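Participant: There's a structure below that I have some questions on.
2 protein chains.
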Amino acid sequence: METSTFPIVLVGAGNLATNLGCALSRAGFPILQVYSRSQESASALAGRLGCEATTNPEKLTADAELYIVALKDSALETLLPEMLRGREERFWVHTAGSIPLNIWERVPGVKRYGVLYPMQTFSKARLVDFRSIPILLEANAPAQMNLLKEVASTLSDNVREVSSRQRRAIHMAAVFACNFTNHCYALAEKLLAAEGLPFEILLPLIDETARKVHTLPPKEAQTGPAIRYDENVIQKHLDALSAEPKMQTLYRLLSQSIHEAAREKLKGKK
Amino acid sequence: METSTFPIVLVGAGNLATNLGCALSRAGFPILQVYSRSQESASALAGRLGCEATTNPEKLTADAELYIVALKDSALETLLPEMLRGREERFWVHTAGSIPLNIWERVPGVKRYGVLYPMQTFSKARLVDFRSIPILLEANAPAQMNLLKEVASTLSDNVREVSSRQRRAIHMAAVFACNFTNHCYALAEKLLAAEGLPFEILLPLIDETARKVHTLPPKEAQTGPAIRYDENVIQKHLDALSAEPKMQTLYRLLSQSIHEAAREKLKGKK
Chain A
3 METSTFPIVL VGAGNLATNL GCALSRAGFP ILQVYSRSQE SASALAGRLG CEATTNPEKL
63 TADAELYIVA LKDSALETLL PEMLRGREER FWVHTAGSIP LNIWERVPGV KRYGVLYPMQ
123 TFSKARLVDF RSIPILLEAN APAQMNLLKE VASTLSDNVR EVSSRQRRAI HMAAVFACNF
183 TNHCYALAEK LLAAEGLPFE ILLPLIDETA RKVHTLPPKE AQTGPAIRYD ENVIQKHLDA
243 LSAEPKMQTL YRLLSQSIHE AAREKLKGKK
Chain B
3 METSTFPIVL VGAGNLATNL GCALSRAGFP ILQVYSRSQE SASALAGRLG CEATTNPEKL
63 TADAELYIVA LKDSALETLL PEMLRGREER FWVHTAGSIP LNIWERVPGV KRYGVLYPMQ
123 TFSKARLVDF RSIPILLEAN APAQMNLLKE VASTLSDNVR EVSSRQRRAI HMAAVFACNF
183 TNHCYALAEK LLAAEGLPFE ILLPLIDETA RKVHTLPPKE AQTGPAIRYD ENVIQKHLDA
243 LSAEPKMQTL YRLLSQSIHE AAREKLKGKK
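Protein chains in written order, with my numbering: chain A, 3 to 272; chain B, 3 to 272.
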């Protein structure tokens, strides 16, 4: 069987499933079916991919070769037995950063399984180019790994094998580098909005902050009042945040953390 | 007098003074002198600009038209009287995000003063292109504002007038969007290093996170376990961070803050 005619079922219709499904479809893989608990989501993605939608895990087709599960972690664990029953002979992969490979062993009889974790921030409204996205793979045997590498390589030039433990560390790192970073953008937007200023004013700074760590390690790239330990500025900002106690706490703890990292770096140099 | 022959003194030789001095010099402004408390810093920047260096504020030349002060906030406040004595007739500006315009009124006799705040993350090792950097201006009178606009416009296409209060809000927003963001990158690097993984693996994600907010507001762009409120993942990550209690606290508070922002957004839609 040629890789490019490998029939696939998508279990999930969220941000990741949408982006992955569209990318696989564009790469020539026939998507047979989309499952989601929500009819609306299932139909929306199935419509984009021109395939069948289902909200009933028992109605999952048994005709696909590869089943890609992109559900919220808790949903994956709950649905696992029902999804797999009668389809134990198929090749199952999940896409979660922090679920170990051996979750598949909970269902007796499953012989071929793995993980395909594309590390990116996905939104349905914004289809991303997979070419440079790291796709992190794990599989229960070399044959499965080879097959996953073939599939992933049609999407990305940045495919690598990692252990479950490494993948979890990467997922945590991604939470810091992406989710928490984006929330810092959101908190910044809130501060600007209170003074009638547009968020766009920050874009050159946001872009340079991201660009900078392509050439300097983040510790070298750090600037601002906390790394200078400019207590005047820090205190002014904490005072100005007094009406927002939670932002004030975040400001204080992040500034302390920056300052401590700088002290450790200095000690390392001595 | 033509703007482009406006002689300038730089008080300060740090990251901002270095970047600003080099940009002004390239734009044709003669830099007469650089002051810094540290001989090493003063000489390094004066060497780059081909001008005189001094570490003695009393030896500041009185021959310049514009004095640009780019010092740590506490140093500016301490040095203020000494710097200005005998040079009260000159035009003084500072470059600080969170120091109000009226700081100049502390010294009697100063008649022309303002603020020129370029909002960017500056490192000596990395000269940035000023063209798209927002330069935020404030001045004590229209004549001074016009002059600052002329100077700033030779450097950037993104010049705007803001009040001291707005500037402080912008500075705080910049701390969140740049300094805290960069620290999130540094914490991510630490998590990867512990598993022998290179920081570079995160660059496509970091880039997309920054790019995404050019087209989606940060609240719409948010992804990850906290916005999904995927307690399974959050708890796994908190457990994995048990040896790093400060990172664990940051993880918990940032996740809560993301979750609360999402709830507020939902309420707003109802």
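Ideal Cβ positions, reconstructed from N, Cα and C, are used throughout, including at glycine.
Only a predicted model underlies this, so the values are computations on that prediction, with no experimental measurement involved.
Listing by chain order, which chain B residues have their CB less than 8 Å from the CB of LYS1 (chain A)?
Facilitator: The shown model of chain A, from 3 to 272, leaves out residue 1 (chain A), and the question about it has no answer.
Participant: Applying the 10 Å Cβ sphere with the 16-neighbour rule, what's the burial state of GLN237 (chain B)?
Facilitator: Here residue 237 (chain B) refers to the residue found at position 235 when the second sequence is read from its first residue. Classification for GLN237 (chain B): exposed.
Participant: Can you name the start and end residues of the beta strand (DSSP E) that ILE70 (chain A) belongs to?
Facilitator: Walking along the first sequence from the start, residue 70 (chain A) turns up at place 68. Element bounds for ILE70 (chain A): 68-71.
Participant: Compare the beta carbon distance of THR57 (chain A) and SER38 (chain A) with 9 Å and say whether it is the shorter of the two.
Facilitator: Position 55 of the first sequence, counting from 1, holds the residue named residue 57 (chain A). Position 36 of the first sequence, counting from 1, holds the residue named residue 38 (chain A). It is a contact, given that the beta carbons lie within the stated cut-off.
Participant: In whole angstroms, give me the CA-to-CA distance for ASP159 (chain A) and ILE135 (chain A).
Facilitator: Position 157 of the first sequence holds residue 159 (chain A). Position 133 of the first sequence holds residue 135 (chain A). Straight-line Cα distance between these residues: approximately 8 Å.
Participant: When you compare the CB positions of THR123 (chain A) and ALA223 (chain B), do they come within less than 9 Å of one another, or not?
Facilitator: Mapped onto the first sequence, residue 123 (chain A) falls at position 121. Mapped onto the second sequence, residue 223 (chain B) falls at position 221. It is a contact, given that the beta carbons lie within the stated cut-off.
Participant: Run through the stretch 16-102 of chain A for me and flag every whole alpha helix (DSSP H) of 4 or more residues, listed as ranges in chain order.
Facilitator: 17-28, 41-51 and 75-86
Participant: Could you please give the first and the last residue of the uninterrupted beta strand (DSSP E) stretch that includes ARG114 (chain B)?
Facilitator: The residue you call residue 114 (chain B) lines up with position 112 of the second sequence. Start and end: 114-120.
Participant: So with CB distances below 9 Å, who are the chain B contacts of ASN277 (chain A)?
Facilitator: The first residue shown for chain A is 3 and the last is 272, placing residue 277 (chain A) beyond what the model contains.
Participant: How close, in whole Å, do the beta carbons of LEU73 (chain A) and ILE172 (chain B) come, if the pair is a contact with beta carbons under 8 Å?
Facilitator: Position 71 of the first sequence, counted from the start, is the residue given in the question as residue 73 (chain A). Position 170 of the second sequence, counted from the start, is the residue given in the question as residue 172 (chain B). Actually they do not touch by this definition, with Cβ atoms about 41 Å apart.
Participant: Just verifying my parser: in three-state terms, what is the DSSP assignment at SER244 (chain B)?
Facilitator: As a position in the second sequence, residue 244 (chain B) is number 242, starting the count at 1. In this structure, SER244 (chain B) counts as coil in the three-state DSSP scheme.
Participant: From which residue to which residue does the alpha helix (DSSP H) around ARG213 (chain B) run?
Facilitator: Here residue 213 (chain B) corresponds to residue number 211 of the second sequence, with the count starting at 1. Judged by DSSP secondary structure, ARG213 (chain B) falls within the alpha helix (DSSP H) whose first and last residues are 205-214.
Participant: For ALA44 (chain B), would you say it is in contact with chain A, using Cβ-to-Cβ distances shorter than 9 Å as the test?
Facilitator: Taking the first residue of the second sequence as position 1, residue 44 (chain B) is located at position 42. Taking 9 Å as the threshold, the shortest C-beta distance from ALA44 (chain B) to chain A does not fall below it.
Participant: Quick one: residues in its chain with C-beta nearer than 8 Å to the C-beta of LEU240 (chain A), no 5 flanking neighbours on either side, listed in chain order?
Facilitator: As a working mapping, residue 240 (chain A) is identified with position 238 in the first sequence. GLN250, TYR253 and ARG254.
Participant: What residue range is occupied by the uninterrupted beta strand (DSSP E) comprising ARG162 (chain A)?
Facilitator: Here residue 162 (chain A) refers to the residue found at position 160 of the first sequence. Run containing ARG162 (chain A): 161-163, per the beta strand (DSSP E) assignment.
Participant: With distances taken Cα to Cα, identify the nearest neighbour of VAL36 (chain A) among A:LEU26, A:GLY14, A:ASN21 and A:CYS24.
Facilitator: Numbered from 1 along the first sequence, position 34 holds the residue referred to as residue 36 (chain A). Measuring from the Cα of VAL36 (chain A), the nearest candidate turns out to be A:GLY14.
Participant: Take GLU4 (chain A) and list the residues in its own chain whose beta-carbon comes closer than 7 Å to its own, dropping the five residues that flank it on each side.
Facilitator: In the first sequence, counting from the first residue as 1, residue 4 (chain A) sits at position 2. Caution applies to GLU4 (chain A), whose pLDDT of 47 falls short of 50 and renders its modelled position unreliable; the value that the coordinates give is listed next. Hits under 7 Å: none found.
Participant: DSSP puts GLU140 (chain A) in a beta bridge; with which residues?
Facilitator: Mapped onto the first sequence, residue 140 (chain A) falls at position 138. For GLU140 (chain A), which the question treats as bridged, DSSP gives the partners A:VAL117.
Participant: Got a sec? Which residues, its chain only, sit under 8 Å from ALA64 (chain B) by beta carbon, not counting five neighbours each side?
Facilitator: The residue you call residue 64 (chain B) lines up with position 62 of the second sequence. Sequence-distant Cβ neighbours of ALA64 (chain B) in its own chain, meaning closer than 8 Å and more than five residues away, are GLY88, ARG89 and ARG92.
Participant: CB LYS192 (chain B) to CB ARG128 (chain A), shorter than 9 Å?
Facilitator: The sequence position of residue 192 (chain B) within the second sequence is 190, counting from 1. The sequence position of residue 128 (chain A) within the first sequence is 126, counting from 1. For the pair LYS192 (chain B) and ARG128 (chain A), the CB atoms are not nearer than the 9 Å cut-off.
Participant: Out of A:GLN41, A:PRO227, A:CYS180 and A:ALA196, which one is the CA nearest neighbour of ILE208 (chain A)?
Facilitator: Residue 208 (chain A) sits at position 206 when you count from the first residue of the first sequence. Closest option to ILE208 (chain A), Cα to Cα, is A:CYS180.
Participant: Do THR217 (chain B) and ASN184 (chain A) count as a contact pair if the criterion is CB distance below 9 Å?
Facilitator: If you number the first sequence from 1, residue 184 (chain A) lands on position 182. If you number the second sequence from 1, residue 217 (chain B) lands on position 215. Cβ atoms of ASN184 (chain A) and THR217 (chain B): not closer than 9 Å.
Participant: Identify whether ILE135 (chain A) lies in helix, strand or coil by the three-state DSSP scheme.
Facilitator: For the purposes of this step, residue 135 (chain A) is identified with residue 133 of the first sequence, where counting begins at 1. Coil.
Participant: If you count every other CB in all the chains shown that lies within 10 Å of the CB of ASP131 (chain A), and 16 or more means buried, which is it?
Facilitator: Numbered from 1 along the first sequence, position 129 holds the residue referred to as residue 131 (chain A). Its Cβ having fewer than 16 others within 10 Å, ASP131 (chain A) is exposed.
Participant: Go ahead and label LEU268 (chain A) buried or exposed: buried means 16 or more other beta carbons lie within 10 angstroms of its beta carbon, across all protein chains shown.
Facilitator: Here residue 268 (chain A) refers to the residue found at position 266 when the first sequence is read from its first residue. Counting of Cβ neighbours within 10 angstroms places LEU268 (chain A) among the exposed residues, the total staying below 16.
Participant: Any idea what DSSP makes of GLN259 (chain A), helix, strand or coil?
Facilitator: If you number the first sequence from 1, residue 259 (chain A) lands on position 257. Before going on, a small fix: residue 259 (chain A) reads as Ser here, not Gln. Three-state DSSP puts SER259 (chain A) in a helix.
Participant: I'd like the list of long-range same chain contacts for PRO9 (chain B), defined as Cβ closer than 7 Å, with 5 residues on each side in sequence excluded.
Facilitator: By 1-based counting over the second sequence, the position of residue 9 (chain B) is 7. PRO32, LEU34, ASP65, ALA66 and GLU67, listed in sequence order.
Participant: In the DSSP assignment, find the alpha helix (DSSP H) that holds LEU194 (chain B) and state where it starts and stops.
Facilitator: The residue labelled residue 194 (chain B) in the question sits at position 192 within the second sequence. If you look at LEU194 (chain B), you'll find it in the alpha helix (DSSP H) that goes 183-195.
Participant: Does chain B have any CB closer than 9 Å to the CB of PRO59 (chain A)?
Facilitator: Here residue 59 (chain A) refers to the residue found at position 57 when the first sequence is read from its first residue. It does not: the Cβ of PRO59 (chain A) has no partner Cβ on chain B nearer than 9 Å.
Participant: Could you have a look at VAL109 (chain A) and say whether DSSP puts it in helix, strand or coil?
Facilitator: Looking up residue 109 (chain A) in the first sequence gives position 107. VAL109 (chain A): coil per DSSP, three-state reduction.
Participant: Is the Cβ-Cβ distance between ALA55 (chain B) and GLN41 (chain B) less than 9 Å?
Facilitator: Numbered from its first residue, the second sequence carries residue 55 (chain B) at position 53. Numbered from its first residue, the second sequence carries residue 41 (chain B) at position 39. Cβ distance < 9 Å, so ALA55 (chain B) and GLN41 (chain B) count as in contact.
Participant: Report the residues of the stretch 86-114 of chain A with a CB closer than 7 Å to any CB of chain B, ordered along the chain.
Facilitator: SER100
Participant: Please tell me whether SER259 (chain B) and LEU189 (chain A) are closer than 9 Å, where the distance is taken between their beta carbons.
Facilitator: Looking up residue 259 (chain B) in the second sequence gives position 257. Looking up residue 189 (chain A) in the first sequence gives position 187. Going by C-beta atoms, SER259 (chain B) is nearer than 9 Å to LEU189 (chain A).
Participant: Taking just the CA atoms, how far does ASN142 (chain B) sit from GLU262 (chain B)?
Facilitator: Residue 262 (chain B) sits at position 260 when you count from the first residue of the second sequence. Residue 142 (chain B) sits at position 140 when you count from the first residue of the second sequence. Each residue's Cα considered, the two are about 42 Å apart.
Participant: Check the Cβ-Cβ distances between ASN148 (chain B) and every residue of chain A, and say whether any is below 9 Å.
Facilitator: Locating residue 148 (chain B) in the second sequence gives position 146, where the first residue counts as 1. Answer no: the Cβ-Cβ gap between ASN148 (chain B) and chain A never drops below 9 Å.
Participant: Closer than 9 Å, CB to CB, is TYR119 (chain A) near chain B or not?
Facilitator: Residue numbering aside, residue 119 (chain A) sits at position 117 when the first sequence is read from its first letter. So no, TYR119 (chain A) is outside the interface.
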